[in-house]
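Here's the structure we're looking at; comments come further down.
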Ligand SMILES: [Fe+2]
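Numbering (the numbering used here), first residue to last: 197 to 384.
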């Protein structure tokens, strides 16, 4: 399937930002502006981006990934009532709300990380993400997402590296556990 020109433009902007800046904060700020414009102009959207896998509660469609696994662009849909546990990304990222409402929780880590299987987290910020709202993500940031609306939600996710190529972590704040994040099913 050929890439929609507006998605191709975003990919170009992401490559330019990575070539211009070393600091992930600056990359994220630049890429966020480009990603936000895709929330305003929805001409690139396809109905299949909303299709979810019942078992994992979500549907991920890869729109771009470079051969060296950099510059990942994907859409993520969540069924009502479904979401993901707190996790990190081990790369910079930007999430932009497209459709529906996703509750995004940013978590603060309280322990010193010396025990690889242990993590103590507390909620730092809870926000409702709707069309055009941006969630910036730095490599060690921890967030969780839940669709508390009545319709399938959709958001655009862009990352410096393909998440499938990274060892990332998932957290259980109640039992204070850190473990390797399971691989999600993705389609392209
Ligand atoms: Fe995430």
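Cβ coordinates follow ideal geometry from the N, Cα and C atoms, glycine included.
May I ask which residues mark the beginning and end of the alpha helix (DSSP H) holding residue i?
i: residue 203; result: 201-216
i: residue 222; result: 220-236
Among the candidates the options, whose CA atom is the shortest distance from the CA of residue i?
i: residue 234; options: 318, 374, 202; result: 202
i: residue 273; options: 317, 297, 374; result: 297
i: residue 245; options: 265, 353, 320, 206; result: 353
i: residue 277; options: 256, 223, 344, 239; result: 344
i: residue 282; options: 261, 382, 378; result: 378
i: residue 290; options: 329, 366, 349, 249; result: 329
i: residue 367; options: 355, 305, 200, 258; result: 305
i: residue 209; options: 252, 257, 268; result: 268
i: residue 301; options: 295, 307, 310, 317; result: 317
i: residue 326; options: 294, 286, 333, 375; result: 294
i: residue 348; options: 248, 222, 214; result: 248
i: residue 341; options: 362, 361, 322; result: 322
i: residue 287; options: 219, 212, 207, 380; result: 219
i: residue 264; options: 374, 361, 375; result: 361
i: residue 351; options: 258, 310, 373; result: 258
i: residue 237; options: 359, 371, 280, 205; result: 205
Closer than 8 Å: is that where the CB of residue i sits relative to any heavy atom of ligand 1?
i: residue 317; result: no
i: residue 464; result: Lying outside 197 to 384, the shown extent of the chain, residue 464 is not represented and no answer is given.
i: residue 339; result: yes
i: residue 386; result: Since the first residue of the chain shown is 197 and the last is 384, residue 386 is not available in this structure.
i: residue 280; result: yes
i: residue 362; result: no
i: residue 333; result: yes
i: residue 353; result: yes
Kindly indicate the opening and closing residues of the beta strand (DSSP E) around residue i.
i: residue 349; result: 349-357
i: residue 318; result: 317-325
i: residue 368; result: 365-368
Where DSSP assigns a beta bridge to residue i, which residues make up the other side?
i: residue 379; result: Partner(s): none; residue 379 has no beta bridge.
i: residue 388; result: There is no way to answer for residue 388, as the model of the chain reaches only from 197 to 384.
i: residue 336; result: DSSP, once it has assigned bridges, lists no residue as partnering residue 336.
i: residue 342; result: 279, 299
i: residue 374; result: 367
> Of all the beta strand (DSSP E) runs that stay within the bounds of the region 249-298, which reach a length of 3 or more residues?
Replying inline: Runs of the beta strand (DSSP E) inside the region 249-298: 254-260, 266-274, 279-283, 289-295.
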